[in-house]
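These notes concern the structure reproduced below.
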Ligand SMILES: [Zn+2]
Ligand SMILES: [Zn+2]
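Residue numbers (the numbering used here): 47 to 197.
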């Protein structure tokens, strides 16, 4: 069983509980133990031109041994190329921005990054692991793994 610890910035607790419900349905049957951590402020070290520099932030959010960590933060995420990223995953840490889009797309982004936490890459099928670059794309993306990715 894999543990995914869900963490959020203060003020996002309600959306974290909603995400947990949605994610546990999407990944049902894959043996994931979802846990919610108390909210905690992040990103001050990694703040960069009003956004969190995503590589720095991922480095700051090192997980407990054996767990994957899914963070939902309330700041925009940026890297050198993109001023606004939906989310990113590095190793066992995934981070999702609640600022990238509306509430409706956060589940799609969180589920996609969770797929990366599980070791999945991108997929061109009708699949959660299909990459998107806009909130509209996230809204249209299906909320399930294709049979190839689910294996
Ligand atoms: Zn991706
Ligand atoms: Zn797929």
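We put the beta carbon where it would ideally sit given N, CA and C, even for glycine. All of these numbers come straight from a predicted model, not from anything done at the bench.
### Query
Are the Cβ atoms of residue 57 and residue 120 separated by less than 8 Å?
yes
### Task
Report yes or no: do the segment 83–99 and the segment 164–182 share at least 3 C-beta pairs separated by less than 8 Å?
no
### Query
Among the residues of its own chain, which have a CB less than 8 Å from the CB of residue 79, if the five just before and after it don't count?
47, 48, 49, 50
### Query
For residue 75, which residues of its own chain have a beta-carbon under 7 Å away from its beta-carbon, when the five flanking residues on both sides are left out?
none
### Task
Assuming residue 166 and residue 188 form a contact by the criterion Cβ under 8 Å, report the distance between their Cβ atoms to the nearest whole angstrom.
Rounded, the Cβ-Cβ distance is 14 Å, inconsistent with contact.
### Message
Suppose contacts are defined by Cβ-Cβ distances below 8 Å. Is residue 125 in contact with residue 131 by that definition?
### Response
yes
### Query
How would you write the range of the beta strand (DSSP E) that residue 146 sits in, first residue to last?
That residue, residue 146, is in no beta strand (DSSP E); it is neither H nor E in DSSP.
### Message
Quick check: the Cα distance between residue 88 and residue 53, rounded to an integer number of angstroms?
### Response
10 Å
### Message
Let me make sure I understand the geometry here. Which of 194, 193, 177, 141 has the alpha-carbon closest to that of residue 62?
### Response
141
### Query
Is any heavy atom in ligand 1 found nearer than 7 Å to the beta carbon of residue 162?
yes
### Message
When you measure from the CB of residue 177 to every non-hydrogen atom of ligand 1, does any distance come out below 7 Å?
### Response
yes
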